[in-house]
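These notes are about the structure you will find just below.
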Amino acid sequence: MSSFDDSLQPVLGKKSADALAQALDLHTVGDLLRHYPRRYVEFGELTNIAGLEIGEHVTIQAEITKVTRHQMRQRHGTRTEVEITDGKSKLTMSFFNQLGKYKEQLQVGKQGFFAGKVGVFNKKLQLQNAEVQIFDEDDDPDLQKMRPIYPAAAKMPTWKISNCVKQLLGVWEGADDPLPVELRKDRGMMPLDAALRAIHMPEGWDQIGAARKRLKWDEAIAVQLALALRRQAAAARPAPACPCKSGGIMDAFDARLPFELTAGQKEVGEAIAADLASTHPMNRLLQGEVGSGKTIVALRAMLQVVDSGRQAAMLAPTEVLAAQHARSLQEMLGDLAQAGELGSADQATRLTLLTGSLPAAARKQALLDAASGAAGIVVGTHALIQDKVSFADLGFVVVDEQHRFGVEQRDALRTRAADGSSPHVLVMTATPIPRTVAMTVYGDLETSALRELPRGRSPIATNVVPVAEKPQWLDRVWQRVREEIANGHQAYVVCPRIGEAGSEEMEEPPLNDDGRRQPLAVEEVAPMLAAGPLKGLRIAVLHGKMPADDKDARMRAFAAGEVDVLVATTVVEVGVNVPNATAMVIMDADRFGVSQLHQLRGRVGRGSAPGLCLLVSEAFEGTTTRERLDAVASTLDGFELAQLDLEIRREGDILGATQSGRKSQLKMLSLLRDSEMIAEAREEAQRLVAADPGLTKSLGLRGMAETLVDSERAEYLQKA
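The sequence shown begins at 1 in full-length UniProt numbering and counts up one residue at a time.
Set out below in structure tokens:
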């Protein structure tokens, strides 16, 4: 038993193997061995109950303080309620006619592990579908000293996982170590099989530290090797040199600019111009919030490429955004984008929009413009990378909102150049990315940032409204909305859900399994507001499932001031600009990610009046969820917020596991705490790939890169 790919069934038996597969998606020896303990507890060390997250499956170490048995009135049998404590807070569990083996164990004063899903019952924390392991006085003293706590699930608590791991390690013969012996010695790393044994069955904290160091390094070097191989592959194909040219379309455009570029725009523009002038393919990430001026930087770069006699393409994630970009670029260029038309400027080029829904004649013309070179700038969606789309001489590609595209799609664009060269690539994102994340996940790109906040924007005050603790504050929320309307302004109310058939007839939303109600819906909240706290105001609804014409009509009415309050889903997150809207109420704000909350509140404060954003939530103080909301309220700087988000939230989905439908492979590495190790791994990876291109002589290292970080995972996807 030595291969990580071997099935678990021969060693654990069908029952345990099936349970691990169903509960935790663990199928192979490697899956189980890399299912690392989340933490370790020593005997007598109780878990902090106050910080538990509702809806989360947890394992806690606690002490029983009360056991009460009740005869049930509604049905035959008894209900046993067990209260446990960490010394400060309390948690209850209920057992219905099913005590079984627990009957003798559940005694006041006993300590043990209690596993289950955290929920709420009668406004008190409850552990649902609980499983229990009471510590026995006859337990192995070493086991009592250091107990691993694994990420667990219903029907597969931590102690069962621990037993499976012990059973596997009892027969495991180890595996080939992919790290060269010299590298291990230079960095003081323990062998892989020793590290895996130590992480699951440690003899002390020192051993845990040494094991973590080795396993973190494996993940860091795997990521950086994958990115180094990508950089090497990209550099193998030269790019067309597109140096600046005086007296061309870019100079004509700059001469017409009605404003001066910011210092940041000038600095980034110079770096991009230098990249474009080289035959080394540019791969650069440009990040900056909405309104920071990314588009003008990208346009000037495209004009530099057009001046050199080549074409530029801009790729947007949706047809709506592609059309929006095309309109915006057309307006900025004016007659400089009207080549071949009466009254066009002398240096003019042609700008063409190419999307899948264009009428046949327009699409045919757009394809012809791209293929003939008549269009210097082509704007479109992923349709641009289809095989039937060809360019006369593509020198530069701008990709907007990179995290919505697969790496393979980005690579496919590079093959669109007619002469087989690799076009320069500029990736833009409005989602600020912490340096440690960019270094890890965008390691094949140079990064630039526009840090200036949008000019002429009013300040936005953000406050958390904790309705679970202070329900009366919700009344004040609606009073504030009325005050804004009375002052001649408008407001948004954002909900996580559209609604369900018949939901508007419900007195209150149904409960989820964890005791929490379902997220509030637009179709439930709008009539409630119209009949209650916002009665008499002009209220309209907007969501993604409405017909396009209806959506446009609602937005136009809101923009024209014909609607006081727009109750909407996140369709208002991007592309909506109503300067008169000054207030935003986000219901169930804890159901949104940090980045999404930051983007949403950017819809207010766009005029001369200050903006107000109220984050309504039932999250309890002290929980991670509440910390995220407090972080959003604490700063308007998206870059600082991204860093705070990284500090607060659990890591592991950084490489897009949620979106790709696969398990994350970064189990041990912390992008925040291990930034120094990541930087060292980047240098080591560059040295290894330079000495052995393609890692053809180091198959173990190449296997690490391919196993831990496949090409689809080598992209950043915001999980918040």
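Backbone N, C-alpha and C define an ideal beta-carbon position, used for all residues, glycine too. These numbers come from a predicted model, not from an experiment.
Task: Identified DSSP bridge partners for glutamate 131 - done: As a working mapping, residue 131 is identified with position 131 in the sequence shown. Residue pairing from DSSP places glutamate 131 in a beta bridge opposite Ala115.
Open item on the list: If you follow the alpha helix (DSSP H) that glutamate 83 is in, where does it begin and where does it stop?
Closed with: Taking the sequence shown and counting its residues from 1, the one referred to as residue 83 is at position 83. Unbroken run through glutamate 83 is the beta strand (DSSP E), 78-85; no alpha helix (DSSP H).
Open item on the list: Counting C-beta neighbours from all protein chains within 10 Å, is the total for threonine 696 16 or more, i.e. buried, or is it exposed?
Closed with: Counting from 1 along the sequence shown, the entry for residue 696 is found at position 696. Under this definition threonine 696 is an exposed residue.
Open item on the list: So that I know if they touch, is there some Cβ in chain B lying closer than 9 Å to that of alanine 583?
Closed with: Any reference to chain B falls outside this structure, which holds one protein chain only.
TODO: Please list, in chain order, all residues of the same chain as alanine 540 whose beta carbon is under 6 Å from its beta carbon, the five residues on each side excluded.
DONE: Position 540 of the sequence shown holds residue 540. Here the set comprises Arg554, Val563 and Leu566.
- [ ] Would you kindly work out how many angstroms separate the C-alpha atoms of threonine 462 and leucine 615, rounded to a whole number?
- [x] One-based indexing of the sequence shown puts residue 462 at position 462. One-based indexing of the sequence shown puts residue 615 at position 615. Looking at the backbone, the Cα of threonine 462 and that of leucine 615 are separated by about 7 Å.
Open item on the list: When you compare the CB positions of alanine 370 and serine 390, do they come within less than 9 Å of one another, or not?
Closed with: Here the question's residue 370 lines up with position 370 in the sequence shown. Here the question's residue 390 lines up with position 390 in the sequence shown. Going by C-beta atoms, alanine 370 is nearer than 9 Å to serine 390.
Open item on the list: Let me check one thing: in DSSP terms, what residues is glutamine 126 bridge-paired to?
Closed with: Within the sequence shown, residue 126 is the residue found at index 126, counting from 1. According to DSSP, which records beta bridges pairwise, glutamine 126 is partnered with Thr92 and Gly119.
Task: Length of the line joining the Cα atoms of alanine 222 and alanine 681 - done: Along the sequence shown, read from residue 1 onward, the residue named residue 222 stands at position 222. Along the sequence shown, read from residue 1 onward, the residue named residue 681 stands at position 681. Rounded to whole angstroms, alanine 222 to alanine 681 spans 9 Å at the Cα level.
- [ ] Under 6 Å Cβ to Cβ from glycine 661, same chain only, skipping five residues before and after it: list those, please.
- [x] Your numbering for residue 661 matches position 661 in the sequence shown. Interpretation of glycine 661 is limited by its pLDDT of 36, a score under 50 that renders its predicted location unreliable; no figure is taken from the coordinates.
TODO: Can you tell me which of Gly293, Val493, Gln330 and Ala323 puts its alpha carbon nearest to the alpha carbon of glycine 380?
DONE: Walking along the sequence shown from the start, residue 380 turns up at place 380. Comparing Cα-Cα distances from glycine 380 to each of Gly293, Val493, Gln330 and Ala323, the minimum goes to Ala323.
Task: Backbone CA spacing between glycine 605 and isoleucine 199 [nearest angstrom] - done: Looking up residue 605 in the sequence shown gives position 605. Looking up residue 199 in the sequence shown gives position 199. Rounded to the nearest angstrom, the two C-alpha atoms are 51 Å apart.
Open item on the list: Alpha carbons only, please: which of Ser448, Ala313, Met314 and Leu600 is nearest the one belonging to proline 496?
Closed with: Within the sequence shown, the letter at position 496 stands for residue 496. For proline 496, the closest of Ser448, Ala313, Met314 and Leu600 by C-alpha to C-alpha distance is Leu600.
Open item on the list: What does the Cβ neighbour count give for glutamate 289, buried or exposed, with the cut at 16 atoms within 10 Å?
Closed with: As a position in the sequence shown, residue 289 is number 289, starting the count at 1. Under this definition glutamate 289 is a buried residue.
Task: Span of the beta strand (DSSP E) around residue 741 - done: Beyond the ends of the chain as shown, which are 1 and 720, falls residue 741; an answer cannot be given.
- [ ] Verify the contact flag: aspartate 475, CB atom, against every heavy atom of the ligand SAM, threshold strictly below 8 Å.
- [x] Ligands are entirely absent from the displayed structure, and the ligand SAM is therefore not among its contents.
- [ ] For glutamine 596, count neighbouring Cβ atoms within 10 angstroms of its own Cβ and tell me buried if that reaches 16, exposed if not.
- [x] Your numbering for residue 596 matches position 596 in the sequence shown. Counting Cβ neighbours within 10 Å, glutamine 596 comes out buried, since at least 16 surround it.
Task: Residue range of the beta strand (DSSP E) that includes leucine 445 - done: Position 445 of the sequence shown, counted from the start, is the residue given in the question as residue 445. Run containing leucine 445: none; DSSP gives neither H nor E here.
Task: Proximal residues to proline 148 (C-beta, below 7 Å), its chain only, five neighbours per side dropped - done: To locate residue 148, count along the sequence shown from 1; it is residue 148. Closer than 7 Å at the Cβ level, and outside the excluded window around proline 148, lie Pro37, Tyr40, Ser162 and His200.
TODO: Under 6 Å Cβ to Cβ from alanine 374, same chain only, skipping five residues before and after it: list those, please.
DONE: Looking up residue 374 in the sequence shown gives position 374. Hits under 6 Å: Arg350.
Task: C-alpha gap between lysine 213 and proline 359, whole angstroms - done: Taking the first residue of the sequence shown as position 1, residue 213 is located at position 213. Taking the first residue of the sequence shown as position 1, residue 359 is located at position 359. The straight-line gap from Cα to Cα measures roughly 58 Å.
TODO: Confirm, please, whether the CB-CB distance from lysine 160 to serine 7 is below 9 Å.
DONE: Position 7 of the sequence shown, counted from the start, is the residue given in the question as residue 7. Position 160 of the sequence shown, counted from the start, is the residue given in the question as residue 160. No; because the gap between Cβ atoms is not below 9 Å, this pair is not in contact.
Open item on the list: What does the alpha-carbon distance come out to for the pair phenylalanine 96 and alanine 557?
Closed with: Looking up residue 96 in the sequence shown gives position 96. Looking up residue 557 in the sequence shown gives position 557. Taking the straight line joining both Cα atoms gives about 56 Å.
Open item on the list: On the CB-based measure, 16 or more other CB atoms within 10 Å of its CB, does tryptophan 217 come out buried or exposed?
Closed with: Here residue 217 corresponds to residue number 217 of the sequence shown, with the count starting at 1. By the Cβ neighbour-count rule, tryptophan 217 is buried, with 16 or more other Cβ atoms within 10 Å of its own.
Task: Reduced DSSP secondary structure (H/G/I, E/B, other) of alanine 430 - done: On the sequence shown, residue 430 is found 430 positions in, with the first residue counted as 1. If DSSP states are grouped into helix, strand and coil, alanine 430 belongs with coil.
Task: the stretch 302-322 / the stretch 224-234 touching (three or more Cβ pairs under 8 Å) - done: By the C-beta criterion, the stretch 302-322 is judged not to be in contact with the stretch 224-234, since fewer than 3 inter-stretch pairs fall below 8 Å.
Open item on the list: Quick check: what's the CA-CA separation for glutamine 61 versus cysteine 164?
Closed with: Within the sequence shown, numbered from 1, the residue matching residue 61 stands at position 61. Within the sequence shown, numbered from 1, the residue matching residue 164 stands at position 164. Distance between the alpha carbons of glutamine 61 and cysteine 164: 20 Å.
Open item on the list: With a threshold of 8 Å on Cβ separation, who are the neighbours of methionine 506 within its own chain once the five nearest residues in sequence on each side are excluded?
Closed with: For the purposes of this step, residue 506 is taken as the residue at position 506 of the sequence shown. Residue placement at methionine 506 cannot be trusted, given a pLDDT of 35 that sits under 50; the coordinates are not used to answer.
Open item on the list: I'd like the span of the beta strand (DSSP E) that includes cysteine 613, first residue to last.
Closed with: Against the sequence shown, residue 613 aligns to sequence position 613. Here the beta strand (DSSP E) through cysteine 613 covers 611-617.
Task: CB of isoleucine 64 within 9 Å of CB of leucine 125, strictly - done: Locating residue 64 in the sequence shown gives position 64, where the first residue counts as 1. Locating residue 125 in the sequence shown gives position 125, where the first residue counts as 1. Result no, Cβ atoms of isoleucine 64 and leucine 125 do not sit closer than 9 Å.
- [ ] Entirely within the stretch 220-249 and at least 4 residues each: give me those alpha helix (DSSP H) ranges in chain order.
- [x] Runs found: none.
Task: Close-in-space but distant-in-sequence residues of the same chain around lysine 110 (CB under 8 Å, 5 per side omitted) - done: Here residue 110 refers to the residue found at position 110 of the sequence shown. Only Glu63, Ile64, Ile134 and Phe135 meet the Cβ criterion.
- [ ] Return helix, strand or coil for histidine 598, following the three-state DSSP convention.
- [x] Translated into the one-based positions of the sequence shown, residue 598 becomes position 598. Three-state DSSP puts histidine 598 in a helix.
- [ ] With a threshold of 16 other CB atoms inside 10 Å of the CB of glycine 502, please say whether the residue is buried or exposed.
- [x] Here residue 502 refers to the residue found at position 502 of the sequence shown. Model confidence at glycine 502 stands at a pLDDT of 36, short of 50, so the residue's coordinates are unreliable; what they give is reported in the following sentence. An exposed status is given to glycine 502, since fewer than 16 other beta-carbon atoms sit within 10 Å of its beta-carbon.
- [ ] Kindly indicate the opening and closing residues of the beta strand (DSSP E) around leucine 315.
- [x] Locating residue 315 in the sequence shown gives position 315, where the first residue counts as 1. Taken as a continuous stretch (DSSP letters only), the beta strand (DSSP E) holding leucine 315 covers 311-315.
TODO: Leaving aside the five residues before and after proline 157 along the sequence, list all residues of the same chain whose C-beta is less than 8 Å from its C-beta, in chain order.
DONE: Here residue 157 refers to the residue found at position 157 of the sequence shown. The beta carbon of proline 157 is closer than 8 Å to those of Thr59, Phe113, Ala115, Glu131 and Gln133 in its chain, skipping five residues each way along the sequence.
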